[in-house]
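Accompanying notes for the structure given below.
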Amino acid sequence: YPPDLFPGGKDVETVYGTVRVFEWGPEEGEKVLLVHGIGTPCIAMGGMAWELARKGYRVMLFDLFGRGYSDGPSNAAYDECLYTTQILLVLASSSLSWTGASSFHLLGYSLGGALAAAFAAYHSHMLRSLTVVCPGGLVRESHIGWRSRLLYSHGLLPEWLLRSWARGRLAPQHGQSADVPDGDEADANFDDVTMAVGRSTVRVGDVVGWQLDANPAFVDSYMSTIRYAPIYGQHDKMWAVLGEKLAANRELGLGLQRVCVILGDKDTLIIKDEWIEDTKAVLGEEGVDICVISGGHEIAISKGKEVAEAAISSW
């Protein structure tokens with residue numbers, strides 16, 4: 088995508104390499120940090136970001152390590168520790184204050200939802216709200232297909248072979264694509280989902296193909312994220328920690344007390360009924376505000392305005 092696609096673009100130098108960050112909207116507006124999914128960079132959040140800025144919010148979005156224009160560290164596991172650190176580095180890059188008590192709204196999509204929940208589990212005091220859209224985290228491990236178990240395994244096959252196989256799966260095609268960690272059961276044609284770029288549009292598949300050619304860290308960062316990030320089976324792990332924090336805050340009547348969960352009714356990856364059941368079990372009936380939108384896993388990209396409006400209504 089064009090490096091000047093959004094206003095306020097800058098390359099932030101960190102100990103892990105350069106991170107591409109965009110920040111715009113009224114300086115006095117409430118702040119919103121958006122975190123994208125596993126395969127498409129921050130362009131995927133553009134529809135939501137523009138709508139939020141139009142409504143008076145100050146927005147910030149960035150490319151996760153190894154995606155888009157961001158470097159990818161080669162000596163670190165792409166787990167919740169690395170990504171939480173990246174979020175803090177991005178917040179610190181602004182000339183405005185994004186830290187302190189109840190400083191900003193956090194909104195994450197797909198993998199970004201899992202990372203947002205992990206951040207909130209230990210930094211809830213910083214948040215005005217937490218919104219997750221078709222999020223990872225509570226994906227039941229029964230949904231991990233055998234191909235993905237093999238592809239992202241350790242030691243069963245040579246790493247060079249796994250990397251080559253992963254690159255082939257990520258390559259644009261008619262069918263599943265990179266923002267779908269395990270497409271064995273999915274039916275959404277992700278590569279053909281379009282995103283607005285100025286006055287024109289670009290397909291998800293085009294952006295993924297560009298990353299394969301232009302960002303040498305993309306494949307390795309993708310594989311490491313699948314292996315180490317809190318995407319699957321976090322019911323008694325990261326989300327349990329978050330649930331305890333929310334319950335404690337409700338008892339005190341202070342801070343972040345619930346999570347807005349936005350789901351697609353036709354999403355075959357983040358199964359609506361399973362997520363409604365599991366979020367209520369883990370976070371408590373009072374710890375979750377659920378909104379269901381018509382569409383599949385792509386709603387954050389294809390229905391950015393509607394998703395933004397749903398999030399705002401929960402805030």
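Note that the working numbering gives residue 363 to position 276 of the sequence shown, counting from 1, and the numbers run on in steps of one. Glycine included, every Cβ here is placed at the ideal spot set by N, Cα and C.
Unbroken alpha helix (DSSP H) run spanning Cys-168, endpoints | The continuous alpha helix (DSSP H) containing Cys-168 extends over residues 167–179.
Cβ pair count under 8 Å reaching 3, the segment 103–119 against the segment 184–194: Segments in contact, yes.
Residue span of the beta strand (DSSP E) that contains Gly-330, given as start and end
From DSSP, Gly-330 is part of no beta strand (DSSP E) but of the alpha helix (DSSP H) over 325–339.
| request: Tell me whether Trp-326 is buried or exposed, calling it buried when 16 or more other Cβ atoms sit within 10 Å of its Cβ. | output: buried
* Asked: Among the residues of its own chain, which have a CB less than 6 Å from the CB of Leu-139, if the five just before and after it don't count?
  -> Listed in chain order, the non-local C-beta contacts of Leu-139 below 6 Å within the same chain comprise Val-119, Val-146, Ala-395, local neighbours out to five positions each way being set aside.
Looking at Leu-202: is its Cβ nearer than 8 Å to the Cβ of Glu-167? At the C-beta level, Leu-202 and Glu-167 come within 8 Å of one another.
| message | Less than 8 Å between C-beta atoms, sequence neighbours within five positions excluded: which residues of the same chain meet that for Leu-243? | response | Leu-237
Problem - Sub-8 Å separation of Tyr-315 and Tyr-165 beta-carbons - result: Yes, they are a contact pair.
With Met-147 as the anchor, note down where its beta strand (DSSP E) starts and where it stops. 145–149
- Task: Give the single residue among Phe-149, Gly-124, Ser-182, Gly-155 whose Cα lies nearest to the Cα of Gln-173.
- Result: Phe-149
- Using the C-alpha atoms, what's the distance from Ile-358 back to Ile-349? Each residue's Cα considered, the two are about 12 Å apart.
Worksheet entry | Beta-carbon gap between Trp-185 and Leu-176 smaller than 8 Å | no
#### Entry: Environment of Arg-141 [buried if 16+ CB atoms lie within 10 Å]
exposed
For the alpha helix (DSSP H) containing Arg-227, name the first residue and the last one.
Counting along the chain, Arg-227 falls outside any alpha helix (DSSP H), and DSSP gives it neither H nor E.
**Q.** Simplified DSSP state of Trp-185, which is helix, strand or coil
**A.** coil
Check your understanding: From this set, Gly-95, Cys-221, Met-213, which residue's C-alpha is nearest Ile-386's C-alpha?
Key -> Cys-221
Fill in: Sheet register partners of Met-282 (DSSP bridge)
Val-289
Exercise. What separation, rounded to the nearest whole angstrom, lies between the Cα atoms of Pro-245 and Gly-104?
Worked result: For Pro-245 and Gly-104, the distance between alpha carbons rounds to 28 Å.
Between the CA atoms of Ala-334 and Ala-258 - distance to the nearest angstrom
43 Å
Q: Express the C-alpha separation of Lys-324 and Glu-372 in angstroms, rounding to a whole number.
A: 19 Å
- C-beta atoms of Tyr-196 and His-241 nearer than 8 Å: no
At 4 residues or longer, what runs of the alpha helix (DSSP H) sit wholly inside the segment 342–371?
359–370
Residue from Ala-304, Lys-367, Leu-370 with nearest C-alpha to Arg-154: For the residues Ala-304, Lys-367, Leu-370, the minimum Cα distance to Arg-154 belongs to Ala-304.
Which of helix, strand or coil does DSSP assign to Ile-380?
Strand.
Lys-392 burial status per 10 Å Cβ neighbour count (16 or more: buried): exposed
Report all residues from its chain with a CB closer than 6 Å to the CB of Gly-95; omit the five preceding and five following residues, and keep chain order. Within the same chain, Cβ atoms closer than 6 Å to the Cβ of Gly-95 are found at Phe-109, Glu-110, Trp-111, the five residues on either side in sequence being excluded.
- Query: Which word fits Thr-288, buried or exposed, when buried means at least 16 other C-beta atoms lie within 10 angstroms of its C-beta?
  - Reply: Per the 10 Å Cβ criterion, exposed.
(request) Specify the secondary structure class of Tyr-309 as computed by DSSP and reduced to three states. (result) helix
Measuring CA to CA, which of Leu-198, Arg-337, Thr-312, Thr-281 is closest to Gly-224?
Leu-198
Excluding five sequence neighbours on each side, which residues of the same chain lie with their C-beta closer than 6 Å to the C-beta of Thr-218? Answer for Thr-218: Leu-194, Cys-347, Ala-398, listed in chain order.
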